[in-house]
Each structure stands twice: as C-alpha cells, then as structure tokens.
Amino acid sequence: FAEDQLILAAAAANQTLSQITMEELCQLPFIVRERGSGTRKSLEMLLARQRYTLDQFNICATLGSSAAVKEAIKADLGVSVISKHAVLDELERGTIREIEVTGWSMMRSFFVVTSPKRTLPHHYQVFLNRLLKNG
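Going by the working numbering, the letters in the sequence shown line up with residues 806 to 940, in that order.
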C-alpha cells in the first residue's frame, strides 16, 4: 500500500562526502538497527544483492528504534540507513543530511494483509481505510 525510501544519513557536521562508494561506506562508523527490525532486514537484502554483509562494516552501535538511531546520527556517532520519512524534519532543518551511495537504490514496499474469512472490527476498518487513502 506504500513505498518507503531508505537513505544513508549522517550528521550535518559530518565531513563525509555527499557521494561515496560501498568500499568507503564499509570504513565509516556505522549504526544499525537490532536483529529482526524491518529496516535491518531491508538493508541486509540490499547488501546481499551487492555481495556485501554487515560483517564487512565498521559497526559502532546497534540500536532498538528509529528514534535512537536518529539521535545517534545527530550526535555524529556514525552514519546509518534509515527511512527517509523518519528523518524528513531533520533533513529540512539541516541537522541530518543524506549521503548518496554509488549504485544504491533503497526502496521498500509496505503491504497490508487481511483475511477474507474474517470481518475486521469497525475501528480496524476505519484505520485500514485511512492507511490506504493516505498511503
């Protein structure tokens, strides 16, 4: 029902170039989400397509939420792959900036799954309709 772009984000003060290669990215302090998070799974799939794994990265922190990742990025503890929607305000304010990685296209899709054998409660249906309308 919706698409989301994942970006490589850094603190505004971070001196990393605005465009880097995978080899350069592997050398930077890198912040990841915890195992099992959707963002981490999407990142791992993207890396696998390019024949990389997180083991090749200089992981400096593993955090449990997008909010924690944002704060770590703003504190310039490292760079991270995060949903662009999650950092829109920070990008607009200039506290976080996007770094382009050569050859990366990081889009992911979100889906809503329901059972045709089960009627959703009204408040669920209202929520689902709003999601589908605003995607």
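Using N, Cα and C, we set each Cβ at its ideal position, and we do this for glycine too.
Helix, strand or coil at residue i according to DSSP, with G and I counted as helix
i	result
GLU839	coil
SER847	helix
SER871	helix
ARG913	strand
GLN855	coil
ASN939	helix
GLN820	coil
ALA880	coil
VAL931	helix
VAL886	strand
Start-to-end residues for the beta strand (DSSP E) that takes in residue i
i	result
ASP809	807–816
ARG902	901–906
Given residue i as reference, the closest of the options once Cα atoms are compared
i	options	result
ASP942	THR919, PHE915, PRO926	There is simply no residue 942 to check, as the chain begins at 806 and stops at 940 in what is shown.
GLY802	ARG856, ILE864, LYS879, ARG923	Outside the displayed span of the chain (806 to 940) sits residue 802, for which this structure offers no information.
THR867	LEU896, LEU852, ILE836	ILE836
SER870	GLN861, PRO926, SER888	SER888
LEU1025	MET912, LYS879, SER910	Here the chain covers residues 806 to 940 and nothing more, so residue 1025 does not appear.
GLU849	ASN939, CYS865, MET911	MET911
CYS865	ARG854, GLY841, HIS890, CYS831	CYS831
Cβ-Cβ separation, residue j to residue i (assumed contact under 8 Å), whole Å
i	j	result
ASN819	ASP894	Actually they are not in contact, since the Cβ atoms of ASN819 and ASP894 sit about 18 Å apart, beyond 8 Å.
THR858	VAL886	With 8 Å as the limit, THR858 and VAL886 do not qualify as a contact, their Cβ atoms being about 14 Å apart.
THR821	VAL906	With 8 Å as the limit, THR821 and VAL906 do not qualify as a contact, their Cβ atoms being about 11 Å apart.
ILE901	VAL892	5 Å
For residue i, the first and last residue of its enclosing alpha helix (DSSP H)
i	result
ARG898	893–898
SER830	Residue identity differs from the one stated: residue 830 is Leu in this sequence, not Ser. Segment 827–832, the alpha helix (DSSP H) holding LEU830.
Would you call the region 808–825 and the region 869–883 in contact, with 3 or more CB pairs under 8 Å? yes
Does the region 825–842 touch the region 923–937, meaning 3 or more C-beta pairs lie closer than 8 Å? no
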